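Chemist: Note that the UniProt record's numbering has the sequence shown beginning at 1, numbered continuously upward.
Below: one structure in structure tokens.
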Amino acid sequence: MKFDAPITIALSKGRIFNQSLPLLAHAGIEPADDPDTSRKLILDTNHEQVKLVIIRATDVPTYVEYGAADLGIAGKDVLLEYGGDGLYEPLDLKIAQCRMMTAGYPDRKQNNGRLRIATKYIKSAQRFFATKGEQVEIIKLYGSMELAPIVGLSDLIVDLVESGNTLKANGLVPLEHIADISSRLVVNKASWKMKHGLVMQLIDAFRDAISQPTT
Ligand code: PRT
Ligand code: MG
């Protein structure tokens with residue numbers, strides 16, 4: 001690909017960065033640094049015009065909506081919480097896949113009052129229980145949701161489940177499936193218009209990479 005305009009891509013380090021590398025490579029983009037060892041927040045690449053900004057996963061939609069990055073890679077869980085229609089979401093990258101689920105003790109007592117649900121996914125949890133017609137009390141946490149039922153903070157949690165090992169290690173079981181989660185490419189609305197050719201080339205390259213059989 002030829003990068004004839006500056007382009008900035010926002011993504012988080014860890015699983016999203018690692019699983020984005022093959023997609024970026026397919027578009028000819030290779031980061032000059034590894035965010036796990038470098039303290040740089042802006043990574044140069046093999047193209048002078050292409051930069052990667054490494055930020056918290058939950059900040060990616062904000063950077064892209066406000067144009068601090070042209071594109072971003074964010075989990076659907078994060079996008080569901082972010083909400084609104086401030087960005088375009090043209091492509092499911094099929095990376096960092098997991099499920100959003102409710103979980104709890106297998107032998108928890110039936111609670112006749114309102115169930116308490118601990119989660120960092122307030123909106124998704126609200127929507128899920130509202131659709132079922134269940135009145136629940138939602139408690140916002142920022143992490144370690146699995147602890148909440150153990151210490152009696154909540155009856156259930158809503159969290160992401162991949163292998164199920166984290167739940168299992170804490171004596172919990174997955175209960176109800178809320179949504180399949182994967183990472184999405186998001187695009188700033190102005191960049192979509194102003195850098196349309198470049199953005200479309202990137203989307204095509206990513207789409208092509210996704211459709212390749214994995215080895
Ligand atoms: O960790 P940090 O607080 O910096 O931010 P973050 O948790 O938002 O980022 P990160 O890198 O952990 O996750 C980025 C994105 O990866 C999420 O927004 C999801 O879209 C996606 N993803 C995919 C996951 C998982 N799989 C996942 N398993 N994110 C988190 N987990 C956690 C889950 O919350 C639970 O604690 O892993 C644990 C469960 O895993 P298993 O395999 O034990 O079931
Ligand atoms: Mg995490």
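We put the CB at the ideal spot given by N, CA and C, even for glycine.
A quick note: this is a predicted structure, and the numbers were derived from the prediction, not measured.
Please name the residue in K13, V60, A169 and D155 whose C-alpha comes closest to that of L79.
Modeler: As a first step, residue 79 must be located in the sequence shown, where it is residue number 79. Looking at the Cα atoms, V60 is the closest of the given residues.
Chemist: If distances are taken between C-alpha atoms only, which option among V199, F206 and R207 comes closest to F3?
Modeler: Stepping through the sequence shown from its first residue, residue 3 is reached at position 3. Checked all of V199, F206 and R207; the closest Cα to F3 is V199.
Chemist: Compute every distance between the C-beta of L175 and the non-hydrogen atoms of the ligand PRT, then say whether any falls below 7 Å.
Modeler: Position 175 of the sequence shown holds residue 175. Not so, every heavy atom of the ligand PRT lies at least 7 Å from the Cβ.
Chemist: Give me the Cβ distance between A96 and I55, rounded to the nearest whole Å; I'm assuming they're in contact under 8 Å.
Modeler: Position 96 of the sequence shown, counting from 1, holds the residue named residue 96. Position 55 of the sequence shown, counting from 1, holds the residue named residue 55. So it is not a contact: roughly 15 Å between Cβ atoms.
Chemist: Cβ-heavy atom distance between T166 and the ligand PRT below 7 Å?
Modeler: In the sequence shown, counting from the first residue as 1, residue 166 sits at position 166. Because some heavy atom of the ligand PRT lies under 7 Å away, the Cβ of T166 counts as near it: yes.
Chemist: On the three-state DSSP scale, how would you describe E65?
Modeler: Here residue 65 is taken as the residue at index 65 of the sequence shown, counted from 1. E65 falls in the helix class under three-state DSSP.
Chemist: Below 8 Å CB to CB, which residues in the same chain sit around E134 once its five sequence neighbours on both sides are set aside?
Modeler: Here residue 134 refers to the residue found at position 134 of the sequence shown. So the list reads L115, once near-sequence residues are dropped.
Chemist: Does the Cβ-Cβ distance between G72 and Y63 come in under 8 Å?
Modeler: Counting from one through the sequence shown, the residue named residue 72 turns up at place 72. Counting from one through the sequence shown, the residue named residue 63 turns up at place 63. Contact flag set, yes.
Chemist: Tell me which residues share the same chain as H47 and place their Cβ nearer than 7 Å to its Cβ, disregarding the 5 neighbours each side in the sequence.
Modeler: As a first step, residue 47 is located in the sequence shown; it is residue number 47 there, counting from the start. Excluding residues within five positions, the ones whose Cβ falls inside 7 Å are F3 and I29.
Chemist: Which one or two residues does DSSP pair with N188 in a beta bridge?
Modeler: Residue 188 sits at position 188 when you count from the first residue of the sequence shown. According to DSSP, N188 bridges with L87.
Chemist: Near L87, what residues of its chain come up, given a Cβ to Cβ distance below 7 Å and the 5 sequence neighbours on each side ignored?
Modeler: The residue labelled residue 87 in the question sits at position 87 within the sequence shown. Only P61, V64, E65, V186, V187, N188 and K189 meet the Cβ criterion.
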